[in-house]
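Here is the structure we will look at.
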Amino acid sequence: MLKYFRESFGLVRARDVLSNPDNFRQFDAVSDYPAGAREMLLCGRKKDETRGWELLPGYSRVNAVMGYQLQEKHLAMVAQMPGLQRLGLLNPKVDDFSALAAAKKLEAVFIEDATNLSTLSSFAQFRSLRALGILDAKRLNDLSGLESIPQLEELALQCGIWNALKVQTLQPLAGLKKLKILYLHAEVADNSFEPLRHLSSLQELSLNLQCPYSEMAKLAAFLPEKTCPYFAEPYSTANTCRKAATHTVIVPAKGWSKFCKDCHPAKLDEYLAEFARIREDSRRRKAW
Ligand SMILES: [Zn+2]
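Take 10 as the starting number for the sequence shown in the numbering used here and just add one per residue.
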């Protein structure tokens, strides 16, 4: 099974996209890389821009590229690399990524700190894409385009803790029948997680607490319990209760206020019973 994204400290980082980040060495010029190089680190930043981009197509063994502050003209040249499978982009100076569609073997794209990115429509032509990760794209609010990459197996959409990703709807995800891993840390304006019920291949779902509680319960009716840890129990954290540092504080999904399990043990039962009631109701009716 493909596993492009690994989680560290709760966030997927661009460097984790690439199998062995230690192998990435930065040279001043493309021609400094050995002929058999498998990975490249390229810089588009003016003051230390990598030289010799026109030589990239000659590096046929390179399968992974990490790019820093690349512009559209750089993407067009990276896309000419015949063996390119994985691409990590840190702070790209681009909104339109369609130039990458020319990379016919490109399987995984991870974009971090994409301040210009507002739509995913330019990914619609990526026929070979299996994994897409976007971290910290505060202007992104429209997920349209995802419906055109039904072969996607891994998807990570995350913003930082203090600047939540806000999207209008999850509808574009409904047709991703091959999706196995989904990291969705976003606020959803229409408050509906119904599109996710159709993700029949999903094995791993990471949701943050922006997910409305009743939506999570309904989702639990359609996806296997092991898909998401919150289907079995709410998120708990230690030592924020004023009474004692050892107390377990439960932070339920949106719609339930947090409570201390040790000070209010009945609250947890109440939470779980209500969760089960909503889940069973959806299950019985086979409807959202
Ligand atoms: Zn307590």
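For each residue, glycine too, the CB sits at the ideal point set by N, CA and C. Quick caveat: nothing in here was measured; it's all calculated off a predicted structure.
Using the rule of at least 16 other Cβ atoms within 10 Å of the residue's Cβ for burial, across every protein chain shown, is residue i buried or exposed?
i, result
"LEU11", "Note on LEU11: pLDDT 37, under 50, position unreliable in the model; no value is reported."
"TRP62", "buried"
"TRP297", "exposed"
"GLY142", "buried"
"GLU6", "Past the edges of the chain, shown from 10 to 297, lies residue 6, and the structure says nothing about it."
"GLU224", "buried"
"GLY226", "Residue 226 is actually Ala in this sequence, not Gly. Burial call: buried."
"LYS82", "exposed"
"ASP145", "buried"
"LEU281", "exposed"
"THR59", "buried"
"ALA38", "exposed"
"ALA195", "buried"
"GLY76", "buried"
"THR249", "exposed"
"ALA112", "buried"
"ALA247", "exposed"
"GLY53", "buried"
"GLY92", "exposed"
"ARG293", "exposed"
"LEU155", "buried"
"ARG70", "exposed"
"ARG286", "exposed"
"GLU279", "exposed"
"ALA117", "buried"
Nearest to residue i by alpha carbon, out of the options?
i, options, result
"TRP265", "PRO274, ILE190, HIS256 and PRO221", "PRO221"
"ILE259", "LEU79, ALA253 and SER245", "SER245"
"TYR68", "TYR42, LEU84, LEU79 and LEU152", "TYR42"
"LEU65", "SER40, LEU79, LEU174 and SER157", "SER40"
"HIS273", "ALA285, LYS252, ARG292 and ARG288", "LYS252"
"ALA241", "ALA230, CYS250 and ALA247", "ALA230"
"LEU188", "LYS147, GLU203, LEU166 and LEU211", "LEU211"
"PRO233", "ASN200, SER209, LEU185 and ALA247", "SER209"
"ILE158", "LYS147, ALA183, ASN150 and GLN177", "ALA183"
"THR255", "ASP271, PRO261 and PRO243", "ASP271"
"LYS102", "LYS114, ALA123 and ALA88", "ALA123"
"THR328", "ALA133, ASP199 and LEU185", "With the chain covering 10 to 297 only, the question about residue 328 has no answer from this structure."
"LYS55", "LEU277, GLN78, LEU99 and ALA133", "GLN78"
"ASN172", "LEU185, ASN150 and ILE190", "ASN150"
"ARG288", "PHE268, LYS276 and TYR239", "TYR239"
"THR215", "LYS276, MET86 and THR236", "Per the sequence presented here, residue 215 reads as Ser, with Thr not at that position. Nearest C-alpha to SER215: THR236."
"ARG139", "GLU121, LEU191 and ALA275", "LEU191"
"LYS114", "CYS168, GLN89, GLN80 and PRO243", "GLN89"
"VAL74", "LEU51, GLN80, MET86 and ASP57", "LEU51"
"LEU129", "ASP105, SER137, GLU116 and ALA117", "ASP105"
"VAL197", "GLY45, GLU213 and CYS168", "CYS168"
"GLN180", "LEU193, GLU163 and PRO204", "PRO204"
Pop quiz: residue i and residue j are said to be a contact at Cβ under 8 angstroms. What is the actual Cβ separation, rounded to whole angstroms?
i, j, result
"SER131", "SER107", "4 angstroms"
"LEU218", "LYS175", "Wrong, their Cβ atoms sit about 15 angstroms apart, outside the cutoff."
"LEU126", "ARG148", "6 angstroms"
"CYS228", "PHE202", "Cys is not the amino acid found at residue 228; the sequence shown has Leu there. 5 angstroms between Cβ atoms; contact."
"PHE135", "ALA110", "6 angstroms"
"ILE120", "LEU84", "That pair is no contact at about 11 angstroms."
"LYS276", "PHE284", "Their Cβ separation, rounded to whole angstroms, is 12 angstroms, which puts LYS276 and PHE284 out of contact at 8 angstroms."
- [ ] Let me have the residue list for ligand 1: C-beta closer than 5 angstroms to any non-hydrogen atom, ordered along the chain.
- [x] CYS250, LYS252, HIS256, CYS269, ASP271 and CYS272
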